[in-house]
Structures are given as C-alpha cells and as structure tokens.
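In what follows, a structure is listed as structure tokens, so that the remarks can point back to it.
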Amino acid sequence: MEKEIKKLLASKLEKIEDLDKHTQKISDALEAENTEELLKILSVRQRLMEEIDFIDSRLLSFFEGDIDVFTKYINDGDRELKEIYNDIAVSLKKTREFDDKNMRAAQELHSKLKEDMSKLKQTENALKGYGIIGTSSSDGAFIDTKK
C-alpha cells in the first residue's frame with residue numbers, strides 16, 4: 018500500500034507542477050491579451066485539475082475517504098513521503114498566488130474588453146445615423162410632390 022501511495026503522490030506532484038506551469042502561461046496570455054491562447058491553456062489546465070482530482074480520489078480510497086486518517090498516515094510515514102507531500106503543498110501555494118494574480122488580471126481584461134465593445138457599439142450607432150452602414154441606398158432621392 019505504501020508503495021502505491023508514494024507512486025500516486027509523486028504523480029500528483031508532477032501534475033501539480035504542470036498545473037503551476039500552465040498557470041504561469043495564463044499570466045503571459047493575459048499580459049499579451051491573447052484570449053485565444055488563454056482559452057487553450059485554460060482547457061489544458063482544467064484537464065490537469067480533473068486528473069489531480071482523480072488521483073486524490075484514489076489516494077483517499079485507501080483511507081475510506083477520511084482525509085484526517087490520510088494526513089496522519091503521511092505525518093507518521095517515512096521521510097520521502099513527507100517530502101513529496103510538502104512539495105505538493107509548496108507548489109499548490111505558489112499556484113494559488115498565481116491564480117489570485119491571474120484573477121485580477123482577467124477581471125481587468127474583461128472590463129477593458131467590455132469597454133471596447135461599448136465604444137464599438139456607439140461607433141456603429143453613429144455610423145448608422147449618418148447612413149454609412151446598415152442602410153441599403155442606391156443613391157436615390159426623396160422627392161416631395163405635395164405643395
């Protein structure tokens with residue numbers, strides 16, 4: 018059982034390190050305002066999170082879903098097990114900090130895009146008002162025949 022738990026924890030650490038890398042890539046995409054790349058990275062990141070959840074469920078299955086028993090097992094386990102668990106905690110904390118930063122940047126980008134769309138709509142309305150777009154004109158004229 019211990020061998021399997023070490024293997025699962027090592028796998029989880031690897032996935033979390035990948036998650037951290039993708040979270041950093043999200044920062045870069047937000048900085049560049051590259052929404053297409055951002056969506057791709059978020060998709061990969063979501064898949065990684067699902068894989069981590071699966072690993073967690075397998076780990077907890079050894080302890081009948083009791084996280085306290087799992088934590089006690091880690092604390093009472095050998096040094097290598099504790100190191101892997103601590104590395105996971107450090108990586109998760111680092112990822113969380115990036116997530117918080119990314120959330121603020123995403124909100125700023127969302128506000129900017131919303132403002133840009135509002136300005137675009139105003140411009141479209143002005144152009145419609147002048148008859149530049151949205152009207153089908155064949156350069157005709159209205160002739161008032163009433164006197």
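Residue 61 in the working numbering sits at position 44 of the sequence shown, with consecutive numbering throughout.
Beta carbons are placed, not taken as given, at the ideal position from N, Cα and C, and that holds for glycine.
message = Less than 8 angstroms between the C-beta atoms of residue 47 and residue 126, yes or no?
response = Within the sequence shown, residue 47 is the residue found at index 30, counting from 1. Within the sequence shown, residue 126 is the residue found at index 109, counting from 1. Taking 8 angstroms as the Cβ cut-off, residue 47 and residue 126 qualify as a contacting pair.
inquiry  = If you follow the alpha helix (DSSP H) that residue 66 is in, where does it begin and where does it stop?
reply    = Taking the sequence shown and counting its residues from 1, the one referred to as residue 66 is at position 49. Run containing residue 66: 52-78, per the alpha helix (DSSP H) assignment.
Residue interval of the alpha helix (DSSP H) (run including residue 94) = In the sequence shown, residue 94 corresponds to position 77, counting from 1. Note, residue 94: premise wrong, no alpha helix (DSSP H); not H, not E.
key: For residue 26 and residue 130, the rounded distance between their alpha carbons   = One-based indexing of the sequence shown puts residue 130 at position 113. One-based indexing of the sequence shown puts residue 26 at position 9. Each residue's alpha carbon lies about 41 angstroms from the other.
ask   = Among 32, 30, 63, which one has its Cα closest to the Cα of residue 43?
value = Residue numbering aside, residue 43 sits at position 26 when the sequence shown is read from its first letter. Nearest option by C-alpha distance: 63.
task = Could you tell me whether the Cβ atoms of residue 4 and residue 66 are closer together than 8 angstroms?
result = Nothing about residue 4 can be read from this structure; the chain reaches only from 18 to 164.
message = Does residue 85 come out as helix, strand or coil in the three-state DSSP assignment?
response = Walking along the sequence shown from the start, residue 85 turns up at place 68. It is helical.
Nearest-angstrom Cα separation, counted from residue 137 out to residue 32 = Here residue 32 refers to the residue found at position 15 when the sequence shown is read from its first residue. Here residue 137 refers to the residue found at position 120 when the sequence shown is read from its first residue. For residue 32 and residue 137, the distance between alpha carbons rounds to 42 angstroms.
query = With DSSP run on the structure shown, which of helix, strand or coil describes residue 32?
reply = Residue numbering aside, residue 32 sits at position 15 when the sequence shown is read from its first letter. Three-state result, residue 32: helix.
ask   = Quick one, are the C-beta atoms of residue 29 and residue 105 less than 8 angstroms apart?
value = As a first step, residue 29 must be located in the sequence shown, where it is residue number 12. As a first step, residue 105 must be located in the sequence shown, where it is residue number 88. Yes, the Cβ-Cβ distance between residue 29 and residue 105 is below 8 angstroms.
key: Assigned exposure category for residue 76 - 16 Cβ within 10 Å defines buried   = Stepping through the sequence shown from its first residue, residue 76 is reached at position 59. With 16 or more Cβ atoms within 10 Å of its Cβ, residue 76 is classed as buried.
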